[in-house]
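First comes the structure, then the notes that go with it.
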């Protein structure tokens, strides 16, 4: 089935999905993946008036430049991170430079080299490949460019080439979902995992999911990982993988997905398999789209993140580093569980 079928996913009141751990300009609606500009295309943010003095001027007397390199910009989660970054950068009277690697680690490396050549002072970095990103950060360090690693945390062995880290409590995100599974399925369950194994944050989250089950279940052995696949964090791939998993395992009780976009693809596959409402689905992010449909078609829980906090704190750390001020090296944003029962506490129309 073509991906266009996903755009008409009939999950309750959600009419159209925008594409979202595990941008283009954030002030404008997200384009479809096929309309995304080439990975090498640069975007810079326009100058904004601000009563605040700039952090400093660039060596040529112009504006200081800050780089933002997410995994992809065709994703409302990363767009939300970017919108918070943009607000801080504009308030500082600086300029934001963004590139879209489109989930390609080699493209991301080349784009960051371009940012270094352009003269950025600091880069907000969400690695496509956590384990393979040391050379990228080392290049920044060698060029005197600060690296603030946000959202998807690099390997601990690479902390020496990072100046600060700001991320969700990825362990907590998986743990609260595992706790919910034990509560809803006290006698055990056959579980499918929709993973993204090149992302360190997703690896941590999935491990925490299983830890929670082991620590809270009366009989942990009753919870079986019957299938696991790489959904690459997007709807299309997750739909394809879930379709295959459902055909091979007709006894799956639930899917744990490393982000809400994966969950949307899984839900569509469940619907087309004629099992809507029979198989429970867990997501991660607490995106506005997800919150709008929690409790429908088996979508029972999403562990919430705050991309606005991650972007804001990450950008603030960039300017502190540029000014020579101290920053907290590792900032963790608390995780929380969002369900149909408590979703009103977090607001449905926007990110928490």
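Numbering (our numbering), first residue to last: 126 to 477. We put the CB at the ideal spot given by N, CA and C, even for glycine.
- Spatial neighbours of residue 246 in its own chain (CB-CB distance under 6 Å, excluding positions within 5 residues in sequence) are listed in chain order as 189 and 447.
- In the structure shown, residue 277 adopts coil according to DSSP, grouped into three states.
- By the criterion of at least three beta-carbon pairs nearer than 8 Å, the segment 229-244 is not in contact with the segment 461-468.
- The beta carbon of residue 403 lies closer than 8 Å to those of 395 and 423 in the same chain, with the five residues before and after it left out.
- In terms of Cα proximity to residue 260, the closest of 220, 195 and 230 is 230.
- Between residue 383 and residue 399, the C-beta gap is not smaller than 9 Å, which leaves the two residues out of contact.
- The C-alpha of residue 319 is placed about 19 Å away from the C-alpha of residue 293.
- Residue pairing for residue 456: DSSP places it in a beta bridge opposite 291.
- In terms of CA proximity to residue 217, 191 leads the group 191, 313 and 458.
- Residue pairing from DSSP places residue 271 in a beta bridge opposite 247.
- Per DSSP, residue 463 lies in no alpha helix (DSSP H); the unbroken beta strand (DSSP E) holding it starts and ends at 461-464.
- For the pair residue 272 and residue 286, the CB atoms are nearer than the 9 Å cut-off.
- Straight-line measurement puts the Cα of residue 341 at about 12 Å from the Cα of residue 312.
- Beta bridge pairing from DSSP links residue 350 with 316.
- Around the beta carbon of residue 364, 16 or more other beta carbons lie within 10 angstroms, which makes this residue buried.
- Ranking 282, 264 and 344 by CA distance to the CA of residue 308 puts 344 first.
- In this structure, residue 460 places its C-beta atom within 9 Å of the C-beta atom of residue 301.
- Residue pairing of residue 473 in beta bridges, as defined by DSSP: absent, with no partner found.
- In the three-state DSSP reduction, residue 364 falls in the helix class (H, G or I).
- Inter-residue distance for residue 406 and residue 419 is about 10 Å (C-alpha atoms, whole angstroms).
- When Cβ pairs closer than 8 Å are counted between the two stretches, the segment 430-440 is seen to touch the segment 197-214, the count reaching three or more.
- About 16 Å separates the beta carbon of residue 291 from that of residue 258, a gap too long to meet the 8 Å contact definition.
- The segment 371-446 contains, as complete beta strand (DSSP E) runs of 3+ residues, the segments 379-382, 405-410 and 424-429 (chain order).
- Looking at the backbone, the Cα of residue 270 and that of residue 314 are separated by about 48 Å.
- Contact between residue 334 and residue 297 is absent: CB atoms are separated by about 11 Å, not below the 8 Å threshold.
- Relative to residue 438, the option among 275, 226, 228 and 196 whose CA is nearest is 275.
- The beta carbons of residue 458 and residue 411 sit no closer together than 9 Å.
- Here residue 385 is buried. Its C-beta has 16 or more other C-beta atoms within 10 Å.
- In the three-state reduction of the DSSP assignment, residue 222 falls in the strand class.
- Here residue 355 is bridged, per DSSP, to 320.
- Shown here, residue 258 sits in coil according to DSSP, grouped into three states, outside any helix or strand.
- Residues 356 of the same chain have their beta carbon placed closer than 6 Å to that of residue 362, with the five preceding and five following residues left out of the count.
- In this chain, the alpha helix (DSSP H) harbouring residue 336 covers 325-341.
- Only buried fits residue 414, as 16 or more other CB atoms lie within 10 angstroms of its CB.
- Going by beta carbons, residue 317 and residue 352 fall inside the 9 Å limit.
- Ranked by Cα distance from residue 209, the first of 262, 249 and 367 is 249.
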